[in-house]
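Before any comments, here is the structure.
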Amino acid sequence: MSVRATARVVAERDGLPVLESDGPLALRRTRADGPRTRVTVVGAMSAPLGGDRLAIEAHVREGARLHVDSAAATVALPGRTPGAADYDISLDVGEDAELRWLPEQLISARGSELRMHTRAVLAATARLVLRDEQILGRYGEETGTLTTRLTVHREGRPLLDQELASGPGAPGGWDGGAELGGHRAVGQQHVVDPDFDDKPPEPRRLGETAVLTPLAGPAVLVTAVAPDALRLRRLLDTALGDLAGG
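Numbered continuously in the numbering used here, the sequence shown closes out at residue 242.
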């Protein structure tokens, strides 16, 4: 039996007026370091499975600061219901607000099929740090079929629209030298900061398998591949530290 569930969080300057959990998506307010309010996604059951329809909505209102992470990796698994699972994430960040969306990895287990779409809508003075990490297959196994899409709009205009498909049924060449090159961990880090208008970061390589690319707006995209989850996280953490340092 498939599951349909939507969890929702609304952050304001002085707290969380809305923190709604549903089905396998349990949202918990957790202790934060610094000025941000922190919410952790805790998996209440195995999901997403084939046929599931899951969604998370996060609204960060004017002047609020929200940090969202997860207690563990999300594992896409095959289910009894045929067909793909869908996982939709909707992020809305208002004026002078900040969202740090830093979940743990998404693991595509053999036999699974998942379509994941993350949509972010930003006001002109909003700030966003968004991390997306995909691990293709658990240790020693083949990957499932995984399609992820990230779309970001700022001031009503598109800033980024990117899709990656991998695994059985994905377009040919997904594992070739122009794509993943045999790596099984792939990730990106999207940073939007109005301060980049005055001092945009320069494009550069970050080691052998990562690159920082400025976008047409006060934003950058870090893209990385690695043999495993640990080395991928190190690449992305180093990139974020460099950006925070100026």
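Note that CB positions come from ideal geometry on N, CA and C, so glycine has one too.
Given the structure is predicted, the values throughout are model-derived calculations rather than measurements.
- Taking the Cα positions, A225 is about 30 Å away from L15.
- Counting other Cβ atoms within 10 Å of its Cβ, E109 reaches 16 or more and is therefore classed as buried.
- Beta-bridge analysis with DSSP links S66 to V37.
- In this structure, R123 places its C-beta atom within 8 Å of the C-beta atom of E94.
- Taken atom to atom, the span from the alpha-carbon of G11 to that of L21 is near 20 Å.
- Judged by their CB atoms, V64 and A51 are not nearer to each other than the 8 Å cut-off.
- Relative to I131, the option among V89, L217, L62, T144 whose CA is nearest is T144.
- With respect to the C-alpha of V218, the residue from Q185, S162, L239 having the closest C-alpha is Q185.
- Taking the C-beta atoms as reference points, A116 is found nearer than 8 Å to L126.
- Within the region 149 to 225, the beta strand (DSSP E) runs of at least 3 residues that lie entirely inside it are, in chain order, 153 to 162, 181 to 188, 206 to 210, 215 to 222.
- If you look at T114, you'll find it in the beta strand (DSSP E) that goes 109 to 118.
- Only buried fits A7, as 16 or more other CB atoms lie within 10 angstroms of its CB.
- Shown here for G203: same chain residues with a beta carbon closer than 7 Å to its own, the five before and five after excluded, namely L231 in chain order.
- In summary, G169 is exposed, with fewer than 16 beta-carbon neighbours lying within 10 Å of its beta-carbon over all protein chains present.
- If you check the CB distance, L45 and G75 come in under 8 Å.
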